[in-house]
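Heads up: the sequence shown runs through residues 1 to 411, numbered per my numbering.
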Amino acid sequence: MDDGSSPNVVHEAEAQRQHPRVRVPGLVHVAQSAGEHRYALQDLSAGGLSFVVSDKARFATNDVYRARLSFTIAPVAFVLPVSFQIRNVSADGKRVGAMFQNLGAREIAVLRQVIGGTLAGELVATGDVITALSRDNFTKARQTQPASSSLSGKARARALTMTVAMFALGLLAFFYAIGKLYAMAFVTRASAAKIAAPSYSVVMPRDGTFFSLVPPDGIVKKGQPLGSFQAAMLDVVQTDIGSLHLSPEQLSQLMGDQLKGTLSSPCDCKVQQQFSADGQYANRGQPLFELVPADARPYVLARFRFDNIDDLPIGKTVAFTISGEGGERYGKVKDVRLLSAAGAESSTSSDARGLNNQGSVADVIVTIEPIRALDPSLIDRPVEVQLGGQTLIWSKLSHLGDRLAREVQPA
């Protein structure tokens, strides 16, 4: 509903509409040659102003003047120095329109604060103007490098070197990540593995003192003494001492007697490990030596989870790496057997010692026969065994070679 009152906002033509003009009470102090003249401010925008000429002063189009805008924002009066260019003058010369020239960021911030508050119908407070002056209301211009400037030869070479280095580093990281993902998805590794050989375990036959007779090089012949032991005679006959009906004198003599014995080598062997020191007391059944036959051919024993048994067919080629040596070696799966719990494999020919643990019944022991013979000095050396990866290629080549060998073999 129109009440007939004139609005405070004056709209320009569509082609000229840049800023809304509002009527703000204020004064314009224009500096002229005859001195400073004061005129009433008619309307104001962020791009210019208009004022009413109340004297006989004449303003010409395109003339530039310096002036001061004064606003009274209770209880403080603000004075804003500006410069403007005359753009239009009414026919009777009473109304003059001007456009601001070279306004700074602080002046624009004050004008926007006053105009925005007036348009919103709010009272412009002194604190609002001070806050607008104190903060940065404009974004900083981006620093652009002149198009004419170019890198020197040394700088261009340095930039090219850094680019190539970063590209190579990124490529290396990419292939490293791809290799890790491939290993996680397609390569199966043994949880434990070592180089082993058929072995004999020599144990203490009686409770007593053990004396070693092994030569320094550890090489013994079949029947050669490995050590001797000394046990109390009373401990030997104590189970049947009641049935012997011995007199006190005989018992006293028996307590002072010693039983001596000798432990002989069961084969032409090398002492792989000695578990008791010379002159040490050992219990009955305690291991003393681990012997490896001199003609033994070392092989690899690896422990895998039972879930991997489908990937371990007899004859499959696997890769293994010996600790302390560089490069991979290859071998074929010769045997797969269930790994019993700790203590179950305590026979004299056990070769899985060190691979069995408490209650490990969900794993299998895999015997791997190496393609190239292993040095006996590597026995008990830790080994890393893996399935998949390059071993797939070697497995295919190995099967192809075996097939060709069978075909060319004479009937």
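For each residue, glycine too, the CB sits at the ideal point set by N, CA and C.
Small disclaimer: the values here were computed from a predicted structure and weren't measured.
Cβ-based burial, residue i [other Cβ within 10 Å; buried from 16]
i           : result
residue 323 : exposed
residue 204 : buried
residue 32  : exposed
residue 176 : exposed
residue 375 : exposed
residue 367 : buried
residue 21  : buried
residue 195 : buried
residue 178 : exposed
residue 299 : buried
residue 180 : exposed
residue 319 : buried
residue 386 : buried
residue 365 : buried
Through-space distance from residue j to residue i, alpha-carbon basis
i           : j           : result
residue 417 : residue 99  : Nothing can be reported for residue 417: it is not among the residues displayed for the chain, which extend from 1 to 411.
residue 304 : residue 291 : 26 Å
residue 284 : residue 206 : 5 Å
residue 165 : residue 296 : 52 Å
residue 119 : residue 156 : 56 Å
residue 27  : residue 43  : 11 Å
residue 378 : residue 169 : 38 Å
residue 60  : residue 92  : 13 Å
residue 407 : residue 316 : 20 Å
residue 224 : residue 282 : 21 Å
residue 456 : residue 329 : Residue 456 lies beyond the stretch modelled for the chain, which goes from 1 to 411, so this question has no answer here.
residue 72  : residue 112 : 16 Å
residue 131 : residue 106 : 11 Å
residue 362 : residue 338 : 8 Å
residue 163 : residue 154 : 14 Å
residue 270 : residue 287 : 16 Å
residue 384 : residue 216 : 31 Å
residue 86  : residue 143 : 35 Å
residue 90  : residue 135 : 39 Å
residue 70  : residue 56  : 22 Å
Expected contact under 8 Å - CB spacing of residue i and residue j to nearest Å
i           : j           : result
residue 84  : residue 109 : That pair is no contact at about 18 Å.
residue 335 : residue 188 : The Cβ separation is near 18 Å, so there is no contact.
residue 40  : residue 54  : 7 Å
residue 314 : residue 333 : 6 Å
residue 212 : residue 272 : Rounded, the Cβ-Cβ distance is 14 Å, inconsistent with contact.
residue 226 : residue 263 : 5 Å
residue 95  : residue 30  : Their Cβ separation, rounded to whole angstroms, is 14 Å, which puts residue 95 and residue 30 out of contact at 8 Å.
Collapsed DSSP secondary structure at residue i in the structure displayed
i           : result
residue 407 : helix
residue 377 : helix
residue 43  : strand
residue 308 : helix
residue 131 : helix
residue 20  : coil
residue 93  : coil
residue 267 : coil
residue 99  : strand
residue 70  : strand
residue 293 : strand
residue 61  : coil
Host alpha helix (DSSP H) of residue i (start-end)
i           : result
residue 113 : 105-119
residue 159 : 153-186
Below-8 Å beta-carbon distance, residue i vs any chain B residue
i           : result
residue 326 : Going by chain labels, chain B is absent from the structure shown, which holds only one protein chain.
Where the beta strand (DSSP E) containing residue i begins and where it ends
i           : result
residue 370 : 363-370
residue 211 : 208-212
residue 316 : Careful: residue 316 lies outside any beta strand (DSSP E) and carries neither H nor E.
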